[in-house]
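In our numbering, the protein residues as written are 301 to 625. Think of the CB as a built atom: it goes at the ideal place given N, C-alpha and C, for glycine as much as any other residue.
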Amino acid sequence: MDYNSIIGHRIAIESLKRAVENGNESHFYIFEGDDGLGKRTIAKVFAKTLLCKEKNNEPCQICSSCRKFDSGNHPDFMEIFPEKGLIKKGVIDQVIRSMAMAPFESEKKVIVIDQAHMMNKEAQNAFLKTLEEPPGYMHIIFITSSAKNLLQTIRSRGQNVKFYPISKEDIVKFLLERDVDMEMANFLSEFTKGSIGKAIRLSESEDFFNTREWVLELIDSLVKGEKWKVFATMDRFTENKDNIQEILEIFLFWFRDLILYKTFQDSDLIINRDKKILLREQSFLDFEKINDIIEKIVKTMEDVQTNVNFQLSIETMLFRIQEEF
Ligand SMILES: [Zn+2]
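And the structure:
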């Protein structure tokens, strides 16, 4: 694991490297940015660098510290994750106790708190004092997609490192290197909105592409008036309840593309570029109808998140796509 395996984020990485070169690494970092951008990977490479015995701006990969880090049992590295969406005070108390013990293998210790905003208020308050005066050997990295949920008193103590979505060109380039074909690489770069983690996961997921084919076929039969499909297909939605947001995004991007197609015929903004024939076939839908469907899909995305009756929400959406045709 090193910086070379990371796509994008050159500014963040350079600033971390420079801090190490100048010997002014902060004791408390807040890595902030959307999920799936690679914050955790960079935090781990940075941690590995801080622990490495060669003390360069990148891990040497061969010292005992680097090898222990890669094997996942470095005694001076700890990573904390939320459990059931929460990091409780009890866990932070343990972290603080372990921080008081001097490093064992390296000269430093590193603790990464993943999804740090999931610490409740008590946990954050318990951390505060330590963040004011951490032991000299201690480096703490908070990773968060929602820094606004951290207490202001915590935020003001951390050195903020911001992560921005990766450019679509970089994602396409990266996927092409991994033998994803051009049309798919384009589709994934748009669909994942700059999240490299998601792009990699989906590019390797046969399920995702099968699901996309299934959704697009379903939409096609609905807009062409096959009402019975609504009922015939319900089981598959229930089976895929865990991925429902992703499935609804396939719906959403499709109808958004349909508007683009009707307006421009051809456009670089169209995500489903490999399905232009299908877009043409469905372009008989008028703008008002498409906008109505889009509104309904967005509403369904909200509803399924707030646990409104799942089956009813989906069925209502499918009927909205189908009705009057
Ligand atoms: Zn090393």
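{"Check": "Take every Cβ of the region 413 to 431, pair it with every Cβ of the region 382 to 393, and state whether three or more of those distances are shorter than 8 Å.", "Outcome": "yes"}
{"Check": "May I have all residues whose beta carbon comes closer than 7 Å to any heavy atom of ligand 1, sorted in chain order?", "Outcome": "Cys352, Lys353, Glu354, Pro359, Cys360, Gln361, Ile362, Cys363, Ser365 and Cys366"}
{"Check": "With 16 other CB atoms within 10 Å as the buried threshold, where does Trp528 fall?", "Outcome": "exposed"}
{"Check": "If I follow the unbroken alpha helix (DSSP H) through Lys575, where does it start and stop?", "Outcome": "It is not in any alpha helix (DSSP H) - Lys575 carries neither H nor E in the DSSP assignment."}
{"Check": "Could you give the C-beta distance for Ile411 and Ile380, rounded to a whole number, given that I count them as a contact under 8 Å?", "Outcome": "7 Å"}
{"Check": "For a quick check, are the C-beta atoms of Leu516 and Trp554 less than 8 Å apart?", "Outcome": "yes"}
{"Check": "So which of Met534, Lys384, Ser305 and Ser364 has the shortest CA-CA distance to Asp376?", "Outcome": "Ser364"}
{"Check": "Run the CB neighbour count on Asp557, radius 10 Å, all protein chains shown included, and call it buried at 16 or more, exposed below.", "Outcome": "buried"}
{"Check": "With 16 other CB atoms within 10 Å as the buried threshold, where does Ala400 fall?", "Outcome": "exposed"}
{"Check": "Which runs of the alpha helix (DSSP H) fall wholly inside the region 371 to 442 and span at least 4 residues, in chain order?", "Outcome": "389 to 399 and 421 to 432"}
{"Check": "Tell me, to the nearest whole angstrom, how far the beta carbon of Asp302 is from that of Pro359; I am working on the premise that it is less than 8 Å.", "Outcome": "6 Å"}
{"Check": "Taking the C-alpha atoms as reference points, what is the distance between Lys339 and Ile471?", "Outcome": "16 Å"}
{"Check": "Restricting to Cα atoms, I'd like to know which of Ile559, Glu407 and Gln361 is closest to Tyr437.", "Outcome": "Glu407"}
{"Check": "Can you find the residues in the same chain that come closer than 6 Å, C-beta to C-beta, to Ile544, ignoring five residues on each side of it along the sequence?", "Outcome": "Val604"}
{"Check": "Assuming Glu483 and Asp574 form a contact by the criterion Cβ under 8 Å, report the distance between their Cβ atoms to the nearest whole angstrom.", "Outcome": "4 Å"}
{"Check": "Is the separation between the beta-carbon of Lys468 and that of Ser489 shorter than 8 Å?", "Outcome": "yes"}
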